[in-house]
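Each protein sequence line maps, in turn, to chains A and B.
Just so you know, we're using this note's numbering here: the first sequence kicks off at 1 and counts up by one.
Just so you know, we're using this note's numbering here: the second sequence kicks off at 1 and counts up by one.
Note that CB positions come from ideal geometry on N, CA and C, so glycine has one too.
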Amino acid sequence: EAGVVQSPRYKIIEKKQPVAFWCNPISGHNTLYWYRQNLGQGPELLIRYENEEAVDDSQLPKDRFSAERLKGVDSTLKIQPAELGDSAVYLCASSLILDTQYFGPGTRLTVL
Amino acid sequence: DQQVKQNSPSLSVQEGRISILNCDYTNSMFDYFLWYKKYPAEGPTFLISISSIKDKNEDGRFTVFLNKSAKHLSLHIVPSQPGDSAVYFCAASDPSQGNLIFGKGTKLSVKP
Numbered sequence: 001e002a003g004v005v006q007s008p009r010y011k012i013i014e015k016k017q018p019v020a021f022w023c024n025p026i027s028g029h030n031t032l033y034w035y036r037q038n039l040g041q042g043p044e045l046l047i048r049y050e051n052e053e054a055v056d057d058s059q060l061p062k063d064r065f066s067a068e069r070l071k072g073v074d075s076t077l078k079i080q081p082a083e084l085g086d087s088a089v090y091l092c093a094s095s096l097i098l099d100t101q102y103f104g105p106g107t108r109l110t111v112l
Numbered sequence: 001d002q003q004v005k006q007n008s009p010s011l012s013v014q015e016g017r018i019s020i021l022n023c024d025y026t027n028s029m030f031d032y033f034l035w036y037k038k039y040p041a042e043g044p045t046f047l048i049s050i051s052s053i054k055d056k057n058e059d060g061r062f063t064v065f066l067n068k069s070a071k072h073l074s075l076h077i078v079p080s081q082p083g084d085s086a087v088y089f090c091a092a093s094d095p096s097q098g099n100l101i102f103g104k105g106t107k108l109s110v111k112p
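Encoded structure:
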């Protein structure tokens, strides 16, 4: 069974530029999560989708971050404009509702 | 304030010996706990979990113990192998939020 797929794996951009990350969850998983992991920290939830509905986006900085999960399958997370403090690993995870979450490899973002 | 705490940033163990990783939590409403293992440049991989109605769960070399009165759980790896060297994250499921709260991780080094 294929795992959670994320792309790109690495991204380097200059501040104020836009950036987008893509995630394809495990087939059949209706819940999708975006996390951010800063160096030396555990992952922190940004947004959670159940099917195509964002059911928890309380930790998403909405002034610059946006996400979408059209058709309830793959998802895109966007930052516009990026700031230096956005440098982190962005992780996507998926699960069946209220079940174990499985993570993708992450996208390491460096903002210069 | 951190709701899930892993107070040891690192742990070094000799191959063949037992590794014990500890985790404390503050919210008595957490009802499900998980351990994830993370290698460099990879996403966290699910290792083992335990429901709050149990005090022990075992899977091969890995055992998780839960002490609800102390709000403490631990992961035992025995015998430890060099391939177990990774960062281990403790996570708790918050039923009111539907998401996971992670600790900062403990870096385990198993020396041959």
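Just checking my contact of residue i with residue j at CB under 8 angstroms: how many whole Å lie between their CB atoms?
{"i": "Val4 (chain A)", "j": "Ala93 (chain A)", "result": "6 angstroms"}
{"i": "Trp34 (chain A)", "j": "Leu98 (chain A)", "result": "Their Cβ separation, rounded to whole angstroms, is 18 angstroms, which puts Trp34 (chain A) and Leu98 (chain A) out of contact at 8 angstroms."}
{"i": "Gly103 (chain B)", "j": "Phe89 (chain B)", "result": "6 angstroms"}
{"i": "Asp24 (chain B)", "j": "Lys68 (chain B)", "result": "Going by Cβ atoms, the distance from Asp24 (chain B) to Lys68 (chain B) rounds to 12 angstroms, so no, they are not a contact pair."}
{"i": "Ser52 (chain B)", "j": "Phe30 (chain B)", "result": "7 angstroms"}
{"i": "Leu47 (chain B)", "j": "Lys37 (chain B)", "result": "5 angstroms"}
Can you give me the Cβ contacts of residue i inside the same chain, cut-off strictly under 6 angstroms, excluding the 5 residues immediately before and after it?
{"i": "Ser75 (chain A)", "result": "Cys23, Leu32 and Arg69"}
{"i": "Leu34 (chain B)", "result": "Ser49 and Ala91"}
{"i": "Thr63 (chain B)", "result": "His76"}
{"i": "Phe65 (chain B)", "result": "Lys56 and Ser74"}
{"i": "Gln17 (chain A)", "result": "Ala82"}
{"i": "Thr100 (chain A)", "result": "none"}
{"i": "Pro25 (chain A)", "result": "Val4, Leu32 and Ser94"}
Using only alpha-carbon positions, find the residue among the options that is nearest to residue i.
{"i": "Gln59 (chain A)", "options": "B:Lys5, B:Lys111, B:Gly105 and B:Leu100", "result": "B:Leu100"}
{"i": "Ala86 (chain B)", "options": "B:Thr45, B:Ser96 and B:Asn67", "result": "B:Thr45"}
{"i": "Asp59 (chain B)", "options": "B:Ser49, B:Leu66 and B:Lys68", "result": "B:Ser49"}
{"i": "Leu108 (chain B)", "options": "B:Pro95, B:Leu47, B:Gln97 and B:Asp84", "result": "B:Asp84"}
{"i": "Tyr10 (chain A)", "options": "A:Ala88, A:Tyr49, A:Thr100 and A:Gln101", "result": "A:Ala88"}
{"i": "Ile47 (chain A)", "options": "A:Asp56, A:His29, A:Leu96 and A:Leu39", "result": "A:Asp56"}
{"i": "Lys114 (chain A)", "options": "A:Lys71, A:His29 and A:Arg64", "result": "Absent from the model: residue 114 (chain A). The displayed extent of chain A is 1 to 112, so no value can be given."}
{"i": "Gly43 (chain B)", "options": "A:Ser7, A:Gln17 and A:Glu53", "result": "A:Ser7"}
{"i": "Asn57 (chain B)", "options": "B:Tyr32, B:Asn27, B:Lys37 and B:Pro40", "result": "B:Tyr32"}
{"i": "Asp94 (chain B)", "options": "A:Leu39, A:Leu45 and A:Phe21", "result": "A:Leu45"}
{"i": "Thr106 (chain B)", "options": "B:Ser8, B:Gln2, B:Gln3 and B:Asp1", "result": "B:Ser8"}
{"i": "Gln2 (chain B)", "options": "A:Ala2, A:Glu53 and A:Gln41", "result": "A:Gln41"}
{"i": "Val4 (chain B)", "options": "B:Ser12, B:Val13 and B:Asn27", "result": "B:Asn27"}
{"i": "Gly28 (chain A)", "options": "A:Gln17, A:Leu84 and A:Ala2", "result": "A:Ala2"}
{"i": "Arg61 (chain B)", "options": "B:Pro112, B:Ser12 and B:Pro79", "result": "B:Pro79"}
Between which two residues does the beta strand (DSSP E) containing residue i stretch?
{"i": "Asp24 (chain B)", "result": "Ser19 to Tyr25"}
{"i": "Leu91 (chain A)", "result": "Ala88 to Ser95"}
{"i": "Gln37 (chain A)", "result": "Thr31 to Gln37"}
{"i": "Asn99 (chain B)", "result": "Asn99 to Phe102"}
{"i": "Val73 (chain A)", "result": "Taken as a continuous stretch (DSSP letters only), Val73 (chain A) belongs to no beta strand (DSSP E), as it is neither H nor E."}
{"i": "Asn67 (chain B)", "result": "Phe62 to Asn67"}
{"i": "Ala20 (chain A)", "result": "Val19 to Asn24"}
{"i": "Ala86 (chain B)", "result": "Ala86 to Asp94"}
{"i": "Lys62 (chain A)", "result": "Note, Lys62 (chain A): premise wrong, no beta strand (DSSP E); not H, not E."}
{"i": "Ser12 (chain B)", "result": "Ser10 to Gln14"}
{"i": "Glu53 (chain A)", "result": "Glu53 to Asp56"}
{"i": "Gln109 (chain A)", "result": "According to the sequence shown, residue 109 (chain A) is Leu rather than Gln. Run containing Leu109 (chain A): Thr107 to Val111, per the beta strand (DSSP E) assignment."}
{"i": "Gln6 (chain B)", "result": "Looking at the DSSP string, Gln6 (chain B) is not in any beta strand (DSSP E), and its letter there is neither H nor E."}
{"i": "Ile6 (chain A)", "result": "In the sequence as displayed, the identity of residue 6 (chain A) is Gln instead of Ile. First-last of the beta strand (DSSP E) with Gln6 (chain A): Val5 to Ser7."}
What residues in its chain sit with their C-beta under 7 angstroms from that of residue i, if we drop five residues either side in the sequence?
{"i": "Gln81 (chain B)", "result": "Glu15 and Val110"}
{"i": "Leu91 (chain A)", "result": "Tyr35, Gln37, Pro43, Phe103, Gly104 and Gly106"}
{"i": "Asp86 (chain A)", "result": "Ile79, Leu109 and Val111"}
{"i": "Ser96 (chain B)", "result": "Met29"}
{"i": "Ala41 (chain B)", "result": "none"}
Leaving aside the five residues before and after residue i along the sequence, list all residues of the same chain whose C-beta is less than 8 angstroms from its C-beta, in chain order.
{"i": "Gln13 (chain A)", "result": "Here residue 13 (chain A) is Ile; the residue named in the question, Gln, does not match the sequence. Val19, Ala82, Leu109, Thr110, Val111 and Leu112, listed in sequence order."}
{"i": "Asn30 (chain A)", "result": "Glu50, Asn51, Gly72, Leu96 and Ile97"}
Using 8 angstroms as the cut-off, can you tell me whether the stretch 18-25 of chain B makes contact with the stretch 67-78 of chain B, which would need three or more C-beta pairs spanning the two stretches below that distance? With the cut-off at 8 angstroms, the stretch 18-25 of chain B and the stretch 67-78 of chain B touch.
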